[in-house]
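Number of protein chains: 2
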Amino acid sequence: MTSSGSGGLSEVDYEALANLRYRIRKFRQFSTKAAEKLGLTPQQHQALLAIKGLRSGAQMSVSMLAERLFVPTASAADLARSLEEHAYVIVDVKQRRRPILRLTDKAEEILRRLTPAHLYEIREMAPELLLALRVLQDHRRMEVAAWMQ
Amino acid sequence: MTSSGSGGLSEVDYEALANLRYRIRKFRQFSTKAAEKLGLTPQQHQALLAIKGLRSGAQMSVSMLAERLFVPTASAADLARSLEEHAYVIVDVKQRRRPILRLTDKAEEILRRLTPAHLYEIREMAPELLLALRVLQDHRRMEVAAWMQ
DNA sequence: TGATTTATATCGTATCACGATATATTTGCG
DNA sequence: CGCAAATATATCGTGATACGATATAAATCA
């Protein structure tokens, strides 16, 4: 039985954490496959989404892309070049110091095609995700709640 | 302004989706670094957690590991061997057909050290994650709610 | 202008994950 | 029993990719 020792870590915690990560992996897996079907690497897709998801007015530079994707600047630069080569972005070099990446119509179209399936997948995984989060937030209360119904 | 056209995709959706993925990446980034500090690759950590998170009684085989991590069986076998080499698991070959991976005390200790920080990180990201999920579930209601306060 | 700082680009390399294939074990059936 | 078929795991070579180190370019400021 669930021994919640002095460390405060119970088997319930581990199970919930493992489930949470499983759901995340499953979502990534789905997203990777979906992107690849349209000829994008997962990184390219995430980059496009990161640009698209900026509040209107905000502009995406290489270094900002690096921050948002948690990759070194060098990797973000590689990525930016590949996005440009595939005509997913145009690089606005009005100010050459901090070139701005702008989505092309091609990229917008791809996002329009990819996103609905993602929203569907998210709604699928949401219940399990929320359950795991709740358990990790306070599983003791959850256990009581489970008893009560 | 947020044009939610016939496609049903608004800028709010994209922003929420981008934020959701940003949070997931941030968590992964944290987890990767934390695991590496203890000498584990991210994959090794996820494998250990997947084993630890099994409901008591359940047993982890190579093929099951492959399923849970969404990797080919070959990759799971590589991983299993590396886990054994580092003495994170012992391979129970009572039935040689489907060897069972069991966590060693070393692995248990590592999980005990890694997990609290992960729970903390999860509690950190939870609010933003939940917000994004709610927006994607039904952002129109959210906008109204935002007006009202 | 020349020096300094900051941002991006280039390039070689090490790592890793995977596909193809081989091996081992169980099962089924004559 | 023994041999074939099915299933699970192991091995190995290779291509992709991400990254560190380094170079280049632009802005800032004295």
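Protein sequences appear in the order of chains C and R. Those letters in the first sequence? Residues 1 to 149, per the numbering used here, in order. Those letters in the second sequence? Residues 1001 to 1149, per the numbering used here, in order. Positions of the beta carbon are idealized from the N, C-alpha and C atoms, including for glycine. Since the model is a prediction, treat every value here as computed from it, not as a measurement.
Cβ neighbour criterion (16 or more within 10 Å) applied to residue i
i, result
"A76(C)", "buried"
"A58(C)", "exposed"
"T73(C)", "exposed"
"P1171(R)", "No answer is possible for residue 1171(R): it lies beyond the span of chain R, which begins at 1001 and ends at 1149."
"Q1044(R)", "buried"
"G1053(R)", "buried"
"E14(C)", "This sequence places Tyr at residue 14(C); Glu is not what is there. Label assigned to Y14(C): buried."
"A16(C)", "buried"
"R1068(R)", "buried"
"L1020(R)", "buried"
"A1117(R)", "exposed"
"R113(C)", "exposed"
The alpha helix (DSSP H) enclosing residue i, as first and last residue numbers
i, result
"R1025(R)", "E1011 to K1037"
N-terminal and C-terminal residue of the beta strand (DSSP E) that residue i is part of
i, result
"R1178(R)", "Given a span of 1001 to 1149 for chain R in the structure shown, any question on residue 1178(R) remains unanswerable."
"L1049(R)", "Note, L1049(R): premise wrong, no beta strand (DSSP E); alpha helix (DSSP H) at P1042 to K1052."
Candidates the options: closest to residue i by CA position
i, options, result
"V135(C)", "L1133(R), R1123(R), L1079(R) and L1129(R)", "R1123(R)"
"R55(C)", "S1010(R), Q1044(R), R1097(R) and T1032(R)", "S1010(R)"
"I1051(R)", "Y120(C), H118(C) and Y22(C)", "Y22(C)"
"R1102(R)", "L1114(R), S1061(R), E1084(R) and V1089(R)", "V1089(R)"
"T1115(R)", "A1035(R), D1013(R), K1106(R) and A1018(R)", "A1035(R)"
"L38(C)", "R25(C), E108(C) and I24(C)", "E108(C)"
"A47(C)", "S1063(R), Q1029(R), R1096(R) and A1018(R)", "A1018(R)"
"R1097(R)", "K1026(R), S1063(R), L1049(R) and P1042(R)", "S1063(R)"
"F30(C)", "S1031(R), A1087(R), V1071(R) and Q1029(R)", "V1071(R)"
"L40(C)", "G8(C), M60(C) and A87(C)", "A87(C)"
"G8(C)", "K1106(R), L1133(R), E1084(R) and Y1120(R)", "Y1120(R)"
"Q95(C)", "T104(C), M60(C), M125(C) and E85(C)", "M60(C)"
"I110(C)", "A132(C), Q137(C), A66(C) and P42(C)", "P42(C)"
"A1066(R)", "D78(C), L49(C) and K26(C)", "K26(C)"
"R1028(R)", "L1083(R), M1125(R) and A1132(R)", "M1125(R)"
"I1100(R)", "A1080(R), R1112(R), K1106(R) and L1130(R)", "A1080(R)"
Residue i in three-state terms, based on DSSP
i, result
"V89(C)", "strand"
"R98(C)", "coil"
"Q149(C)", "Interpretation of Q149(C) is limited by its pLDDT of 43, a score under 50 that renders its predicted location unreliable; no figure is taken from the coordinates."
"L1136(R)", "helix"
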